[in-house]
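Below is one structure; the comments refer to it alone.
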Amino acid sequence: MDITIRVLQFLLSLSILVLLHELGHFVAARLCGVRVDKFYIFFNPWFSLYKRQVGQTEFGVGWLPLGGYCKIAGMVDESVDTGQLKGEVRPDEFRAHPAWQRLLIISGGVLVNLVLAFLIYGALLYSNGRSYLATEDVRYGIVADSMAMEMGFRHGDRLMAINGDSVEDFTEMLTATIITPGARVTFMRGDSSHDITIDKSYLPALLSGRQLFGVRMPFIAERVVEGSAAELAGLQKGDSLVAINGIPASFFDEFRTAMLTHKEEQVSVTVSRSGRDTTLCIDVPETGIAGVQVLADMGRFFTISTKSYSLGGAMVAGVGHGWKKLVEYLKSLKLLFEPKAQAHKSIGGFISIGKIFPTSWDWTVFWSLTAFLSLALAVMNFLPIPGLDGGHAVFIIYEMITGHTPSERFMVAAQIIGMGFLLLVVLYANANDVIKLFN
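With the working numbering applied, the sequence shown closes on residue 1845, and no number is skipped along the way.
Set out below in structure tokens:
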């Protein structure tokens, strides 16, 4: 069932994005007086699930849910009829129109994707506002994992800035360290300020999803597992940690470290219960797991910052948020050219994209992910590779600058090479997904 929900969300999101992307090309073409022969959602090799002729355009739904297309008359792309190119140029064909109109038509899909993302982010901010944990409010500092410890971080460090720039939302700290190779992280340890520069050799682990740090949380027992070492020792829901083996301790990471350090030993744990301190003796099992879940309600320990927006304010903020996400995505693409990052190993296909959707349906999450994918689609489509919108744009801009139009023979050859390259990239990305599944 979980997989089904993910697949349905992925297909719905993809359908919306493809429909509107191709609609951007379609509307731009019709505004410029260019004929559109076909407009399809999903690909239709051999047959279509639905098709209908309306005027000069055949509208349809294909059966292969991997995209869609808008076949513009007289345009050299993957669906071009080379025989048609040998005929007389008709005034309603793409190639008969001035370069600026052709550039507008080519850019139509990407522009729609950008506007769509900004509108979705704006709508989400208007309906839900914005809630976040401010970096300055993470007063207990971080919990550092083993790799963060290796870098020099310690539990309780309070992160302040990346490369001298403060990060308002704590959850964006990790993203900032990943997309900025060699990032310099400024933090407070006690009353003194320190800097750590993250070596680029850590990038492969970070790109694979490794979490360097989390929010440090006080220990307050939320649930004690029946029959566990914690229950046998007398630990109860609501108990808060005071000391371990007589040494003051307040946080869950301190409790967890003590359990893992003293496997098959007895540990003295002092807790506060109803205003009184009680000392318990936990016989730690060989697994190092005492059997207690702690309260993880951020709102209990921290001030959650919230912002509400008017409709106009939300739209402006949506553009700002979308632009920020766009810049982050572009920075992440640059990692493909950073040898130490080994970013090519993290490239994923349809399985990876589908897995970003949750296993339960949440419309806020769905639209947020759809907005991000819309930005990603805009960027990927405008890469200067023949076969993509960006490849067409490069040839048109070249024509506008030099006054020379590349030959149709050259354009067809470039399309074939570009599509071959893109096919290899798609195969590689999806092969990566399969390998990850087996690993």
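Ideal placement from N, C-alpha and C gives every residue a C-beta, glycine not left out.
Shown here, Ile-1791 sits in coil according to DSSP, grouped into three states, outside any helix or strand.
Minimum Cα-Cα distance from Tyr-1446 among the listed residues Val-1440, Gly-1430, Cys-1438, Gly-1718 corresponds to Gly-1430. The C-beta distance from Val-1549 to Arg-1564 rounds to 12 angstroms, too long to meet the 8 angstroms contact threshold. For the 8 angstroms CB-CB criterion, Gly-1473 and Asn-1450 do not form a contact.
Judged by DSSP secondary structure, Pro-1471 falls within the beta strand (DSSP E) whose first and last residues are 1470-1478. The Cβ atoms of Val-1516 and Phe-1788 sit closer than 8 angstroms to each other.
DSSP places Met-1557 in no beta strand (DSSP E) but in the uninterrupted alpha helix (DSSP H) bounded by 1552-1557. Note that the C-beta distance between Val-1482 and Glu-1814 is below 8 angstroms.
If you compare the alpha carbons of Cys-1476, Phe-1453, Ala-1505 with that of Thr-1808, the shortest gap goes to Ala-1505.
Between the C-alpha atoms of Ile-1753 and Val-1840 there is a straight-line separation of about 12 angstroms. With respect to Leu-1618, Glu-1744 sits apart: the two C-beta atoms are not nearer than 8 angstroms.
At a cut-off of 3 residues, the continuous stretches assigned as beta strand (DSSP E) that sit fully inside the region 1570-1644 are 1590-1595, 1598-1603, 1619-1621, 1627-1630.
Burial check for Pro-1792: the Cβ neighbour count within 10 Å reaches 16 or more, so the residue is buried.
Straight across, the Cα-Cα distance linking Arg-1508 with Glu-1499 is about 10 angstroms. Using a 10 angstroms sphere on the CB of Ser-1780, the tally of other CB atoms reaches 16 or more, which defines it as buried.
By the Cβ neighbour-count rule, Lys-1713 is exposed, with fewer than 16 other Cβ atoms within 10 Å of its own. Going by C-alpha positions, Gly-1633 is about 27 angstroms away from Pro-1654. Note that the region 1640-1649 does not touch the region 1718-1734; fewer than 3 beta-carbon pairs, one per stretch, sit closer than 8 angstroms.
Straight through space, the alpha carbons of Met-1594 and Gly-1620 are spaced by roughly 16 angstroms. With a cutoff of 8 angstroms on beta-carbon distance, Phe-1708 and Leu-1829 are scored as not near each other.
Look at Glu-1464 here: in three-state DSSP terms it is strand.
By the criterion of a C-beta distance shorter than 7 angstroms, Met-1553 is surrounded in its chain by Tyr-1608, Ala-1611, Arg-1616, Leu-1618, once the five residues flanking it on both sides are discounted. The C-beta separation of Thr-1667 from Val-1677 comes to about 19 angstroms, leaving the pair out of contact by the 8 angstroms criterion.
For the options Phe-1801, Glu-1556, Thr-1663, Val-1725, the alpha carbon positioned closest to that of Thr-1811 is the one of Phe-1801. Of the residues assessed, Asn-1651 falls on the exposed side of the cut-off, its CB having fewer than 16 other CB atoms within 10 angstroms.
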